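Visitor:
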Amino acid sequence: MVGIPIIFAIMLPAFTFYISKYAGTSILPQIAGVEVPQSSFGSIYFIEFFSTNILGPIFMTMPIITASVLAADSFAGEKERKTAEALLLTPATNEELLVGKILASLIPAVLLTTIVFLIYAGITDFFSLKAFGIEIFPNMSWYMMLANSPFLALTTIGLVVLVSTRVKGIKEAQQISTLLILPLLIIPFMSIFNIAKLTLQFFILMLATLIITSILVLWFSKKLFDREKFIML
Amino acid sequence: MRAIEVNNVSKYFKGAKALEEVSFPLKKGEKLIVLGPNGAGKSTLLRLISGILKPDKGFIKVLGSNTIENPKEMRMKISFVGENYSLYDNLSVMENLIFFGRLYGLEKEEIEEKVEYNLERLNAANYKYTKVGQLSRGTKQKIAICRALLNNPEVMLLDEPTAFLDPKASNEVHEIINSSKATIVYATQRLEEIHKIDGKVLILKKGRVEGFGNINKILSKIKNVKVEVYLLESKKLLINGFKILQKGNRIEAELDSAKEIPELISKIIEKGGKILSVSYLNESISGDW
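So the sequence lines, in the order shown, correspond to chains L and F.
Start counting the first sequence at 568; every next residue gets the next number (the numbering used here).
Start counting the second sequence at 157; every next residue gets the next number (the numbering used here).
1) Output, in chain order, the set of chain L residues within a Cβ distance shorter than 7 Å of L259/F.
2) From this set, I771/L, K738/L, F787/L, which residue's C-alpha is nearest A639/L's C-alpha?
3) Alpha carbon to alpha carbon, how far is I299/F from S433/F? Give it in angstroms, no decimals.
4) Tell me the DSSP secondary structure of L305/F in three-state form.
5) From what residue to what residue does the alpha helix (DSSP H) around L432/F run?
6) Hey, does A639/L have any beta-carbon neighbour from chain F nearer than 7 Å?
7) Mind pulling the chain F residues with CB within less than 9 Å of T732/L?
8) Pairing CB atoms from the stretch 299 to 310 of chain F with CB atoms from the stretch 249 to 264 of chain F, are three or more of them under 8 Å?
9) State the beta-bridge partners of V636/L as determined by DSSP.
10) Express the C-alpha separation of E316/F and L305/F in angstroms, rounding to a whole number.
11) Who are the Cβ neighbours of D444/F in its own chain at under 7 Å, not counting the five residues just before and after it?
12) List the residues of chain L whose Cβ lies closer than 7 Å to the Cβ of L209/F, in chain order.
13) At a Cβ cut of 9 Å, what residues of the stretch 711 to 740 of chain L count as close to chain F, listed as they run along the chain?
14) In terms of residues, what are the limits of the alpha helix (DSSP H) holding P193/F?
15) Which one of L765/L, L767/L, I778/L has the shortest CA to CA distance from A720/L?
16) Taking 8 Å as the limit between beta carbons, can you name the residues of its chain near K217/F, skipping five residues before and five after?
17) Assuming L387/F contacts K423/F (C-beta within less than 8 Å), just tell me the rounded distance between them.
18) Within 7 Å of any Cβ in chain L, is that where the Cβ of Y342/F sits?
19) Could you tell me whether any Cβ in chain L is nearer than 7 Å to the Cβ of W445/F?
20) Give the residues from the stretch 172 to 206 of chain F that approach chain L closer than 8 Å (Cβ to any Cβ), ordered along the chain.
21) Straight-line CA distance for K324/F to E176/F?
22) In chain F, which residues lie less than 7 Å from I798/L when you measure between Cβ atoms?
23) Can you find a CB in chain F that lies within less than 7 Å of the CB of A581/L?
24) Any chance the stretch 656 to 663 of chain L sits against the stretch 770 to 788 of chain L, with 3 or more Cβ pairs inside 8 Å?
25) What is the DSSP secondary structure of F320/F, counted as helix, strand or coil?
26) Could you tell me the distance, in whole angstroms, from the CA atom of I378/F to the CA atom of K735/L?
27) Nearest chain F C-beta to E645/L closer than 7 Å, yes or no?
28) Would you call F760/L buried or exposed, if buried means 16 or more other Cβ atoms sit within 10 Å of its Cβ?
29) At a cut of 8 Å, does the stretch 186 to 201 of chain F reach the stretch 359 to 370 of chain F through at least three beta carbon pairs?
30) Roughly how many whole angstroms lie between the Cα atoms of K427/F and E348/F?
31) So if DSSP puts E408/F in a beta bridge, which residue, or which two residues, is it bridged to?
32) Using 8 Å as the threshold, is the stretch 692 to 706 of chain L in touch with the stretch 745 to 753 of chain L, meaning 3 or more CB pairs across them?
33) Assuming G623/L and M712/L make a contact with CB atoms under 8 Å, what is their CB distance in whole Å?
34) How about S326/F and E384/F: are their beta carbons less than 7 Å apart?
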């Protein structure tokens, strides 16, 4: 779970650089709808556009995927390993159990995403500095994507924990969670498919939506958490 | 003061009756053996007392508080050993016990001290740093019992705690229970255990109480008992009034109820038989009991 995102964070910017250098100017009109001259300026434009608008949203799926895998194991994992009963019989309150399970998924998901974003920005800058003498990151989009990541993870975790308390095992939790988090995956892909432009306004709106959604999801998780139902499943 | 008060409690699962109108009181420090076959409602009763399940009818008070009103406060004072040992396989014994001890608000040093002492008593001190996944079921059960002792519970709920233990380890557990000052509810289907725990007995059958009281009072409620008696010598004895099969020094007797056991033993001695051992043949209470 850690290796693959890091490999992607190294490989994808490296590929982007080679494409930008050798074929960027001919691809750009098809993906961005803009004509650029066959020059190093065209390559710079391509690497900046592709690294921000295509790779950025791809890496934004990282907190969603990581968080969903970790959170599916939370309560459903306790049930599957038959440790749930002992845990529920300790003095820990429902809120404490939920916060504990959420943090156990949120902290690694956010840490991994931050590491991946740093590597992806570092590799991109390494190539663009070497070839064109300019730094691409950090830019506004990069900061905003990073700022959105914890809330993408939190909303995902809230949804998956909600599912995890109401199913018998990890696989069932993962299957239902995949369906629930699909709408979240639309957000980064809106940019890839040119439905939304990654403007500051777009990111602020996304952040506000995610904050409200995560609060609502967490409130429902707390409200619907029932020890008896959970143990009797 | 009453430590546990179960008052007219019924519990249904999807309409099916699990417990019906169960009532009994238990004083502070008393021990109660809940005896019954599989599906009698023993685990449900323990889970209801623990507060993890809510009664559909009636109420349960533990240490004066209703189990569903003050769950956190109550869970600090009780402990539970379930059918599953409920331990994390990928953690060591000590890591598991520190994790659970911390949930009771205990300091690490205090937990380690208690773990050392209790593992020693349970003859499991060698496994302190072994991963739970590598232990036998019996040892896991001992660790679960050790966990149940961490918070110095005032009430202990034990659901077949000796199910995976050998006779020696079972005796160690019985010793710990008998020497404990806590109020203990001990669910079992093994007949022999009613003689090993010094306390009251509650017989459950199909979710209803069939008998409750001291062992003398409830022996007659334990029906269709088979016992085997080993004699010192192979001496043919003529014992009337019992269904008996004798082969060599072994006597197998079918009794209408457990109350007849002392009478059977008296008659064997009367006829000159020297008894080496007496044990239940039906180790556990069967479904049609």
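Positions of the beta carbon are idealized from the N, C-alpha and C atoms, including for glycine.
Computed from a predicted structure; not experimentally measured.
Guide: Concretely, from the data shown:
1) Listed along chain L are T657, P658, A659, each with a C-beta nearer than 7 Å to that of L259/F.
2) When only C-alpha atoms are compared, the closest one is K738/L.
3) Cα to Cα, S433/F sits roughly 31 Å from I299/F.
4) Helix, per DSSP.
5) Note, L432/F: premise wrong, no alpha helix (DSSP H); beta strand (DSSP E) at 431 to 436.
6) With 7 Å as the cut-off, A639/L does not count as an interface residue toward chain F.
7) Neighbours of T732/L on chain F: none; closest Cβ ~14 Å, over 9 Å.
8) Contact holds: three or more Cβ-Cβ distances are below 8 Å.
9) When beta bridges are read from the DSSP output, V636/L appears opposite no residue.
10) Cα to Cα, L305/F sits roughly 16 Å from E316/F.
11) Confidence in D444/F is poor, its pLDDT being 46 and thus under 50, which makes the residue's placement unreliable; the coordinate value appears in the next sentence. Result list for D444/F: empty, nothing under 7 Å.
12) Residues of chain L whose Cβ lies closer than 7 Å to the Cβ of L209/F are, in chain order, E795.
13) Residues of the stretch 711 to 740 of chain L that bring their beta carbon within less than 9 Å of a beta carbon in chain F are absent altogether.
14) Careful: P193/F lies outside any alpha helix (DSSP H) and carries neither H nor E.
15) Answer by Cα proximity: I778/L.
16) Excluding sequence neighbours, K217/F sits near R158, I160, E161, N163, T223.
17) Rounded to whole angstroms, the Cβ separation of L387/F and K423/F is 13 Å, and the two are not in contact under 8 Å.
18) Taking CB atoms only, Y342/F has no neighbour in chain L less than 7 Å away.
19) The pLDDT assigned to W445/F is 48, lower than 50, so where the model puts this residue is not dependable; a value taken from the coordinates is nonetheless given after this. No, because no Cβ of chain L sits closer than 7 Å to the Cβ of W445/F.
20) Considering only beta carbons, the part of the stretch 172 to 206 of chain F lying closer than 8 Å to chain L consists of R203, S206, in chain order.
21) The alpha-carbon separation between K324/F and E176/F amounts to approximately 36 Å.
22) Correct list: I208.
23) By this cut-off, A581/L is not an interface position.
24) Counting C-beta pairs closer than 8 Å gives fewer than three between the stretch 656 to 663 of chain L and the stretch 770 to 788 of chain L, which falls short of the contact rule.
25) Correct three-state label for F320/F: coil.
26) Counting only the Cα atoms, K735/L lies some 38 Å from I378/F.
27) No, its Cβ sits nowhere closer than 7 Å to a Cβ of chain F.
28) Label assigned to F760/L: exposed.
29) In short, these stretches touch, since the Cβ pair count reaches three.
30) Using only the alpha carbons, I get a separation of about 26 Å.
31) Answer by DSSP bridge pairing, in chain order: E384/F, L401/F.
32) They do not touch, by the three-pair rule.
33) Sure, about 5 Å apart at Cβ, within 8 Å.
34) Their beta carbons are not under 7 Å apart, which means S326/F does not touch E384/F by this criterion.
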